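Asks: So that we are looking at the same thing, I have put the structure below in structure tokens.
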Amino acid sequence: GTVPGGGYGIKSGTSMSAPHATGALALVMERFPYLDNEQALQVLLTTATQLDGSVTQAPTNSVGWGVANLERAMRGPGQLLGTFDANLGAGVSDVWSNDISDQALLQRQAEDTAEQATWQQTLISKGWQNGVASTASQQDQADYATGTARAAAAAQRQYQGSLVKSGAGRLILQGANTYRGDTLVNGGLLSVNGSLVSAVQVNAGGTLGGNGQIGGLTARSGGIVAPGNSIGTLQVNGDVTLQPGSTYAVELSPTASDRIVATGSATVSGANMTLALENATPVALSSAPIQSVVGRQYNVLQAANGVNGQFGSVTSNYAFLGGRLDYAANGVALNVEQTSAFSSVAQTPNQSAVATAAEQLGAGNAVYENLLLTQSAVAARDSFQQLSGEIYPAIGSVLINDSRQIRDAVGERLGTSVFGTDGNTAAQDNVWIKALGAWGKTDSRDDTAGYTTSIGGLLAGVDGNLADDTRLGVVAGYSDSSLNMGSGMHSRASVDSYHLGAYLGHEIGALRLTLGGAHSWHRIDAQRDVQVGGAAGKEKTKHDAQSTQVFTEAAYRIHLQPATLEPFANLAYVHLNTDSFSEKGDAAALSAGSDNRDAVLSTLGVRALKTIAISDRQKIDLSGSLGWQHNLSDTSSEQHLAFASAGNSFNVQSVSMDRDAAVVGARASLALGKDARINLDYNGLLGARDKTHGVGLSLDWQF
């Protein structure tokens with residue numbers, strides 16, 4: 001009110017507003033740690049409300065900005081009072097959901113305009129258009145100086161709010177934002193999920209995203225436009241300019257893609273377009289058909305007033321997936337396609353065969369789709385290798401190599417008369433049992449994976465003399481073999497085998513002739529853990545195989561002092577038949593038809609025997625052998641496989657069998673009494689690729 005005759009006075013006391021404002025500001029600064037003090041104060045002021053609860057558009061003479069409203073303040077600024085630099089560091093993400101305006105600047109502009117109009121009238125009425133006279137009063141000179149300074153300050157004042165997004169973090173705008181200045185994205189990600197009247201300029205290091213509306217768009221060199229928060233559409237109420245060096249990052253799914261839709265024109269000056277699949281997650285290796293992006297067309301850019309220029313390139317982070325652009329008067333369409341053959345990155349015959357077969361599966365097959373998602377040639381080759389099923393031809397090689405265990409056991413039995421037992425022992429009927437074990441390692445090659453093997457088993461036999469110089473016997477047994485593939489193949493197999501055979505030995509003086517044969521039944525249990533383009537699968541199968549072998553040997557004893565030598569030559573033929581099978585699993589499951597393999601093996605060598613007395617009544621027979629095994633047949637190890645779901649067969653190879661290998665052996669035999677003998681032996685097969693070491697323990701009884 002007015003006090004008649006009143007004047008000026010000094011009042012003192014404590015204001016209750018100070019602690020309230022300070023506490024509120026502290027909360028704002030805690031909520032927005034990336035803002036400086038002035039910016040936090042601006043948030044507090046521009047979100048205040050008047051005493052009646054209405055939102056403050058501009059400060060008033062009575063209450064200024066009004067009462068702090070912390071609920072609104074927690075949602076970000078309500079106005080921009082100039083250029084506001086939101087610097088969110090790496091790893092920081094925030095959401096501003098207020099409707100941001102610059103209404104207070106409009107009021108300030110109106111006030112400044114009115115003040116300057118009054119000042120111009122003052123200049124005219126005072127005659128100060130050309131300056132104030134030096135003879136003017138001190139008051140006039142002071143008024144002139146003050147008015148001139150305020151006019152200069154008003155001329156420099158900014159009357160539009162602007163937003164600068166800097167730093168590597170992410171800022172999301174969700175409100176209906178009507179500030180009139182520019183929006184600059186200088187770093188990190190700005191997602192507009194609400195609307196902007198302002199035009200947006202994306203500079204180097206910045207990315208614009210979101211599903212909202214903006215007033216215009218310019219992407220400069222190094223700037224990225226990536227509509228949506230995943231897949232989405234960015235509406236532009238104006239023109240779009242994609243300058244050289246800028247990037248339009250398009251995200252795709254089988255049913256949708258990112259889009260830019262403009263009411264104005266679109267000018268594309270050699271900008272780059274990149275494509276990526278939504279979420280970039282591997283497709284599950286399901287056997288059921290899935291949707292594919294290959295062969296689909298997406299409208300990625302629409303402009304009501306026309307599209308000018310073209311993109312410079314279309315690139316992706318995938319080894320085989322790319323795109324081709326079609327241009328129309330008002331739009332650009334992206335056609336997604338496979339850019340190169342899977343086999344183009346293969347480096348081995350196995351990789352090439354699998355790559356070709358996988359490509360024939362076609363779009364919609366999970367194996368094909370996951371190979372499309374591989375991001376490098378190295379990753380693709382690793383996937384081809386795991387898909388190959390290389391373990392199956394390797395199993396065949398292992399079974400052929402393991403067949404020697406029966407031949408060795410029979411050879412030991414038919415050589416007993418040479419290895420130190422007397423003629424009477426040899427003339428008796430005998431029962432024998434042998435426990436055996438062997439461990440092997442096959443080295444990898446540039447084009448095939450290595451593996452380790454093991455076998456354990458039990459053989460038993462009975463034999464007797466048909467005549468003084470002829471012995472006939474039968475053998476039966478069980479063995480359990482295992483195989484583990486290395487080189488990142490994640491494949492393994494176990495084989496249960498049952499054996500039945502017969503053998504015949506005949507001596508003509510110092511010459512010993514032997515003949516034998518055996519048939520084995522194999523139950524194969526194989527498992528593969530497959531990784532294809534990031535998707536994992538498990539494949540397994542149980543199937544049967546049978547092997548038949550015949551073998552013969554000629555050996556000649558030479559009695560020397562202090563040992564007996566026996567040069568020998570043997571020949572073996574092994575035939576392996578593997579039944580057809582189809583893996584159980586998923587889209588990476590394989591199948592195979594019946595497969596046959598043959599091997600012809602010859603061995604030349606010499607054995608030596610030494611009998612040592614360990615007491616007056618006890619002797620031990622020691623023997624050793626050294627030979628050269630030569631594979632007379634095809635040494636390659638291969639099998640025709642196919643994807644169980646569809647497609648043509650492909651040929652897969654494992655490490656080839658050795659053409660030549662050294663055969664070494666050692667044996668110790670000790671009589672436990674008149675009717676029993678215990679034998680301990682070592683045998684080794686040492687080739688350039690495969691090295692196997694085995695031991696055996698056998699017991700012989702005569703009756």
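Per UniProt numbering, the sequence shown starts with residue 1, numbered consecutively.
For every residue, glycine included, the Cβ atom is placed at its ideal position computed from N, Cα and C.
Remember, it's a predicted structure, so these values are computed and weren't measured experimentally.
Take the Cβ of S54 as the centre, count every other Cβ of all protein chains shown within 10 Å, and call the residue buried at 16 or more, exposed below.
Replies: The residue labelled residue 54 in the question sits at position 54 within the sequence shown. Answer is exposed; the Cβ neighbour count stays below 16.
Asks: I'd like the span of the alpha helix (DSSP H) that includes W119, first residue to last.
Replies: For this step, residue 119 is matched to residue 119 along the sequence shown. Counting along the chain, the alpha helix (DSSP H) containing W119 begins and ends at Q103 to K126.
Asks: To the nearest angstrom, how far is it from the Cα of A662 to the Cα of K691?
Replies: Residue mapping note: residue 662 aligns to position 662 of the sequence shown, counting from 1. Residue mapping note: residue 691 aligns to position 691 of the sequence shown, counting from 1. For A662 and K691, the distance between alpha carbons rounds to 9 Å.
Asks: Could you tell me the alpha carbon to alpha carbon distance between G64 and Q116, rounded to whole angstroms?
Replies: As a position in the sequence shown, residue 64 is number 64, starting the count at 1. As a position in the sequence shown, residue 116 is number 116, starting the count at 1. For G64 and Q116, the distance between alpha carbons rounds to 23 Å.
Asks: Going by Cα to Cα distance, which pick from D496, S698, K674 and A545 is closest to Y682?
Replies: Position 682 of the sequence shown, counted from the start, is the residue given in the question as residue 682. If we check each option's Cα against that of Y682, S698 comes out closest.
Asks: How is N299 classed by DSSP in three states: helix, strand or coil?
Replies: Mapped onto the sequence shown, residue 299 falls at position 299. Here N299 sits in strand by DSSP.
Asks: What ranges does the alpha helix (DSSP H) occupy inside the region 504-569, keeping only unbroken runs of at least 4 residues that lie completely in it?
Replies: You should have found no qualifying run.
Asks: Give me the Cα-Cα distance between D579 and S591, rounded to the nearest whole angstrom.
Replies: Here the question's residue 579 lines up with position 579 in the sequence shown. Here the question's residue 591 lines up with position 591 in the sequence shown. Cα-Cα distance, rounded: 11 Å.
Asks: My output table needs one value for G420: the three-state DSSP class, helix, strand or coil.
Replies: Taking the first residue of the sequence shown as position 1, residue 420 is located at position 420. Residue confidence for G420 is low, a pLDDT of 40 falling below 50, so the modelled location carries little weight; the figure read from the coordinates is stated next. Looking at G420 - three-state DSSP - the assignment turns out to be coil, as it is neither helix nor strand.
Asks: Let me know the secondary structure DSSP gives Q213 once reduced to three states.
Replies: Counting from 1 along the sequence shown, the entry for residue 213 is found at position 213. Q213: strand per DSSP, three-state reduction.
Asks: What does a CB cutoff of less than 6 Å around T241 pick up in its chain, not counting 5 residues either side in sequence?
Replies: The residue given as residue 241 occupies position 241 in the sequence shown. Taken in chain order, the residues that qualify are T218 and T267.
Asks: DSSP on G323, reduced to helix/strand/coil?
Replies: Position 323 of the sequence shown, counting from 1, holds the residue named residue 323. Strand.
Asks: Given 8 Å as the limit, is there contact between the region 553-573 and the region 490-502, that is, 3 or more CB pairs closer than that?
Replies: Counting Cβ pairs under 8 Å, fewer than three are found: no touch.
Asks: Leaving out five residues before and five after T421 in sequence, what residues of the same chain have Cβ atoms less than 7 Å from its Cβ?
Replies: Residue 421 sits at position 421 when you count from the first residue of the sequence shown. Unreliable positioning characterises T421 in this predicted model, as indicated by a pLDDT of 43, which lies under 50. A coordinate reading is not provided.
Asks: Could you say which of H506, A536, S669 and A688 lies nearest to L680 if we only look at CA atoms?
Replies: Taking the sequence shown and counting its residues from 1, the one referred to as residue 680 is at position 680. Considering only alpha carbons, the answer is S669.
Asks: Would N130 be called buried (16 or more neighbouring beta carbons within 10 Å of its own) or exposed?
Replies: By 1-based counting over the sequence shown, the position of residue 130 is 130. N130 is exposed by the Cβ-count criterion.
Asks: Taking contact to mean at least 3 C-beta pairs separated by less than 8 Å, is the region 135-142 in contact with the region 78-96?
Replies: No: fewer than three Cβ pairs fall under 8 Å.
Asks: Taking 8 Å as the cut-off, decide whether the C-beta atoms of I400 and V664 are in contact.
Replies: Within the sequence shown, residue 400 is the residue found at index 400, counting from 1. Within the sequence shown, residue 664 is the residue found at index 664, counting from 1. No. Outside cutoff.
Asks: Identify whether S162 lies in helix, strand or coil by the three-state DSSP scheme.
Replies: Along the sequence shown, one-based indexing puts residue 162 at 162. Strand.
Asks: Is the CB-CB distance between G264 and A303 below 8 Å?
Replies: Against the sequence shown, residue 264 aligns to sequence position 264. Against the sequence shown, residue 303 aligns to sequence position 303. Yes, they are a contact pair.
Asks: Could you tell me which residues DSSP pairs with Q653 in its beta bridges?
Replies: Here residue 653 corresponds to residue number 653 of the sequence shown, with the count starting at 1. Looking at the DSSP assignment, Q653 forms a beta bridge with E638.
Asks: Residue range of the beta strand (DSSP E) that A304 falls in?
Replies: Indexing the sequence shown from 1 puts residue 304 at position 304. Premise fails: A304 is in no beta strand (DSSP E) and is neither H nor E.
Asks: Mind checking who M273 pairs with in its DSSP beta bridge?
Replies: One-based indexing of the sequence shown puts residue 273 at position 273. Bridge partners of M273: Y248 and V314.
Asks: Please report the distance separating the alpha-carbon of V43 from that of M74.
Replies: Residue 43 sits at position 43 when you count from the first residue of the sequence shown. Residue 74 sits at position 74 when you count from the first residue of the sequence shown. When rounded, the distance between both Cα atoms is 9 Å.
Asks: Please report the distance separating the alpha-carbon of N37 from that of L27.
Replies: Here the question's residue 37 lines up with position 37 in the sequence shown. Here the question's residue 27 lines up with position 27 in the sequence shown. Whole-angstrom Cα-Cα distance: 12 Å.
Asks: Check whether the region 335-352 and the region 382-390 are in contact - that is, three or more C-beta pairs closer than 8 Å.
Replies: Output reads yes: the region 382-390 touches the region 335-352.
Asks: Please state whether the Cβ-Cβ distance between G188 and G167 is less than 8 Å.
Replies: Locating residue 188 in the sequence shown gives position 188, where the first residue counts as 1. Locating residue 167 in the sequence shown gives position 167, where the first residue counts as 1. Yes, they are a contact pair.
Asks: May I ask which residues mark the beginning and end of the beta strand (DSSP E) holding E337?
Replies: Here residue 337 is taken as the residue at index 337 of the sequence shown, counted from 1. From DSSP, the beta strand (DSSP E) with E337 extends over G331 to Q338.
Asks: How about the region 303-320 and the region 282-291: do they share at least three Cβ pairs that are nearer than 8 Å?
Replies: Because the criterion of three Cβ pairs below 8 Å is not met, the region 303-320 and the region 282-291 do not touch.
Asks: Counting along the chain, where does the beta strand (DSSP E) carrying F84 start and finish?
Replies: Residue 84 sits at position 84 when you count from the first residue of the sequence shown. That run of the beta strand (DSSP E) goes T83 to N87.
Asks: Between A21 and A68, what straight-line distance do the alpha-carbon atoms span, to the nearest angstrom?
Replies: Working through the sequence shown from its first residue, we reach residue 21 at position 21. Working through the sequence shown from its first residue, we reach residue 68 at position 68. A21 and A68: Cα-Cα distance of roughly 7 Å.
Asks: Considering only the beta carbon of each residue, do S491 and I455 sit closer than 8 Å?
Replies: Taking the first residue of the sequence shown as 1, we reach residue 491 at position 491. Taking the first residue of the sequence shown as 1, we reach residue 455 at position 455. Their beta carbons are not under 8 Å apart, which means S491 does not touch I455 by this criterion.
Asks: Run the CB neighbour count on W628, radius 10 Å, all protein chains shown included, and call it buried at 16 or more, exposed below.
Replies: Here residue 628 refers to the residue found at position 628 of the sequence shown. When all chains shown are included, W628 counts as exposed.
Asks: Could you check what DSSP says for D402 in three-state terms: helix, strand or coil?
Replies: For the purposes of this step, residue 402 is taken as the residue at position 402 of the sequence shown. If DSSP states are grouped into helix, strand and coil, D402 belongs with the helices.
Asks: What does the Cβ neighbour count give for P33, buried or exposed, with the cut at 16 atoms within 10 Å?
Replies: On the sequence shown, position 33 is the one that residue 33 refers to. With fewer than 16 other Cβ atoms within 10 Å, it is exposed.
Asks: Taking three-plus beta-carbon pairs below 8 Å as touching, is the region 557-567 in contact with the region 583-590?
Replies: With a cut-off of 8 Å, the region 583-590 and the region 557-567 do not count as touching, because too few Cβ pairs lie within range.
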